[in-house]
Amino acid sequence: MNGFGRADLIIEAVAERLEVKQSVFQQLAEQVSPECILATNTSSLSVTEIAAGVPHPERVVGMHFFNPVKKMPLVEIVLGEQTSQEVALSTAALAVRLGKTPVLVRDVAGFLVNRLLGPYLDEAVRLFAAGVQPRRIDHLMLDFGMPMGPLRLLDEVGLDIADHASASLHAAYGARMEPSKDLDGMRSPDRLGRKTGRGFYVHPQGKSKQRETLAPDLASFQSGREGDRLSDEQIVDRLVLSMLNEGVRALEEQVVAGPAELDLATVFGMGFAPFHGGLLHYADHVGAELLVRKLEAIADSPEVSGRPGGREKFTPAARLQEMARTGARFFE
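Following this line, the structure appears as structure tokens:
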């Protein structure tokens, strides 16, 4: 490593392995000034752990960009336990100069956006396995206003990456993030989504102008038929409310400064239906009392209550229950 001595800020994007990132930062620390900000583009590792052993850990910060970087405007500025406020604000200012929208988030598993996407994508897999037609799942969420359906998104992320992320969320948050095992038989080295050409969809490779089509063997991975009994509204509620309930928990834990920051992150980081105004604006539109009733009905349903950790995901967050009792809103 040469030429770093005069740098004010360095962003690393090396392999997503803790020991590799720690080694890179420890080597950099020997060459840069104590004031040089060390930013990591990690999407899943703890910024606090990356900073361990680095001199002046207060200058280590997360700068989590979203793929595709050219199109996605959000950057999560992740504050490790020792990250200074000055470093956080300087890094956020850089994001603005890069044309991005920064949101400051605490250093928790999944940060914010991936933490909310986890239960949403998991619920989509469970609905698929229960017999809901994959096109129906994706089209319903497109109609809701999402930029792509959740099964298509799983292909874009990669089935292996999604599996690793769900295991990390489960380790951090327990039963409510219990991951579905329904894709274990479908996931293989040559079937990981777009990058291998096949997942839920068949993805033409190279410069082929063929359209993506659903994989023809998906029915063999559906083990139930209870999904046939679900209405469109029930399917959308299962997907959106799994995300919303976790969002309220993140707000309770002060992962972000407030509802406006959370909504900004959901619109700019995951493309949450912009005309709804964001996840919590949508919650205000529906109303806390109705949301609590919907969540309790899902939690009580046999297909959810009977699965490992099922009720936990849909048990209404404490703040949502209090809002239902008082008639409060996230945005007055």
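In my numbering, the protein residues as written are 3 to 334.
Idealized CB from N, CA, C, for every residue including glycine.
| request: State the DSSP-derived secondary structure class of Leu-47, mapped to helix, strand or coil. | output: coil
| Contacts around Thr-268, its chain only, beta-carbon distance under 6 Å, and the 5 residues preceding and following it disregarded | Phe-274, Gly-280, Leu-281
| To the nearest angstrom, how far is it from the Cα of Leu-220 to the Cα of Asn-247? | 30 Å
| query | What are the residues that DSSP puts in a beta bridge with Val-204? | reply | Arg-200, Thr-215
| With distances taken between CB atoms, is the gap from Val-364 to Glu-263 smaller than 8 Å? | With the chain covering only 3 through 334, there is no way to say anything about residue 364.
| field | Nearest candidate by alpha-carbon position, reference Ser-222, set Gly-133, Leu-114, Arg-138, Ser-190 | value | Gly-133
| query | Among Val-49, Glu-125, Ala-94, Ala-9, which residue has its Cα nearest to the Cα of Lys-23? | reply | Val-49
| request: Would you decide whether Glu-37 is buried or exposed? Buried here means 16 or more other CB atoms lie within 10 Å of its CB. | output: The residue in question, Glu-37, is exposed, as its Cβ has fewer than 16 Cβ neighbours within 10 Å.
| If you draw a straight line from the C-alpha of Leu-292 to the C-alpha of Ser-244, how long is it? | 15 Å
| query | What residues in its chain sit with their C-beta under 8 Å from that of Thr-215, if we drop five residues either side in the sequence? | reply | Tyr-203, Val-204
| task | Helix, strand or coil for Glu-255, going by three-state DSSP, please let me know. | result | coil
| query | Should Thr-93 be labelled buried (16 or more other beta-carbon atoms within 10 Å of its own) or exposed? | reply | Under this definition Thr-93 is a buried residue.
| task | Kindly give me the distance between the Cβ atoms of Ala-126 and Ile-139, rounded to whole angstroms, as I take these residues to be in contact under 8 Å. | result | 6 Å
| query | How is Phe-67 classed by DSSP in three states: helix, strand or coil? | reply | strand
| message | Using a 10 Å radius around the Cβ and a threshold of 16 neighbouring Cβ atoms, would you call Thr-44 buried or exposed? | response | buried
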